[in-house]
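> Here you go, one structure.
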Amino acid sequence: MLIEQKQTLAAWFRTAAGELIHTRAGSLGDATLSVPDVVLDRPKQASHGDLACNLALQMAKPLRMSPRDVAQFLVDRVTQLDAAAASSAGAVPAADGAAAGGLCDAASAMIAGLEIAGPGFINIRLSAPARRAPVAAVLRAGAAYGRSDRGAGAPVVVEFVSANPTGPLHVGHGRQAALGDALSA
Numbered sequence: 017m018l019i020e021q022k023q024t025l026a027a028w029f030r031t032a033a034g035e036l037i038h039t040r041a042g043s044l045g046d047a048t049l050s051v052p053d054v055v056l057d058r059p060k061q062a063s064h065g066d067l068a069c070n071l072a073l074q075m076a077k078p079l080r081m082s083p084r085d086v087a088q089f090l091v092d093r094v095t096q097l098d099a100a101a102a103s104s105a106g107a108v109p110a111a112d113g114a115a116a117g118g119l120c121d122a123a124s125a126m127i128a129g130l131e132i133a134g135p136g137f138i139n140i141r142l143s144a145p146a147r148r149a150p151v152a153a154v155l156r157a158g159a160a161y162g163r164s165d166r167g168a169g170a171p172v173v174v175e176f177v178s179a180n181p182t183g184p185l186h187v188g189h190g191r192q193a194a195l196g197d198a199l200s201a
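Read in order, the letters of the sequence shown are residues 17 to 201 in the working numbering.
Here's what the structure looks like:
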């Protein structure tokens with residue numbers, strides 16, 4: 017999964033959560049409600065989808081709603097945002113590199129499905145084009161994939177052999193010496 021994909025999904029959940037807070041804050045008389053941090057994690061079981069979100073569980077008590085009702089609102093709104101991004105030109109960049117980012121195929125939604133599980137968890141399944149996007153990004157980058165100029169010119173100290181003078185040397189010390197030599201080259 018690309019970082020941009022995860023950031024986009026998190027932004028959609030933040031937007032949906034903000035809208036729900038806006039609609040509920042007046043009836044609750046609490047203008048201090050804010051959107052909690054949106055955390056999208058890989059579920060422990062692959063059968064639960066590609067990502068899981070517990071935002072509905074975090075928001076339910078302050079909003080005085082059931083977690084499943086909050087989750088249903090979030091699912092409905094994020095589905096709308098995904099469909100809008102897929103239908104608007106340029107909102108979801110093409111996987112072939114025509115636009116920067118490569119989140120998904122321009123004519124496809126990023127999300128294949130959202131389901132509410134248990135007390136209010138939201139399981140997210142990515143569409144096939146969204147799942148292929150990281151491979152397309154790697155192929156586009158070619159030999160430059162994974163390279164970075166971050167920290168270029170800054171001195172780096174690499175300490176790679178720390179032999180204990182009171183103990184015998186062993187093969188692990190040799191391995192670390194070779195690794196340190198390669199890193200410093």
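Idealized CB from N, CA, C, for every residue including glycine.
My output table needs one value for R141: the three-state DSSP class, helix, strand or coil.
Note: R141 maps to strand in three-state DSSP.
> Quick check: what's the CA-CA separation for A157 versus G167?
Computed Cα separation, rounded: 20 Å.
> Checking 8 Å against the spacing of the C-beta atoms, do G34 and V51 come in under that value?
Cβ atoms of G34 and V51: closer than 8 Å.
> What whole-angstrom Cβ distance do V72 and P83 have, given they're in contact under 8 Å?
Checking the displayed sequence, the identity of residue 72 turns out to be Ala instead of Val. Right, the Cβ-Cβ distance comes to about 5 Å (below 8 Å), so this counts as a contact.
> Enumerate in chain order the residues of its own chain whose CB-to-CB distance from L36 is below 6 Å, with the five nearest sequence positions on each side excluded.
These residues qualify, in order along the chain: F89.
> According to DSSP, is G34 part of a helix, a strand, or is it coil?
In this structure, G34 counts as helix in the three-state DSSP scheme.
> Using the rule of at least 16 other Cβ atoms within 10 Å of the residue's Cβ for burial, across every protein chain shown, is I127 buried or exposed?
With 16 or more other Cβ atoms within 10 Å, it is buried.
> So the candidates are A153, G190, V172; which of them puts its Cα closest to the Cα of Q21?
Cα-wise, what sits closest to Q21 is A153.
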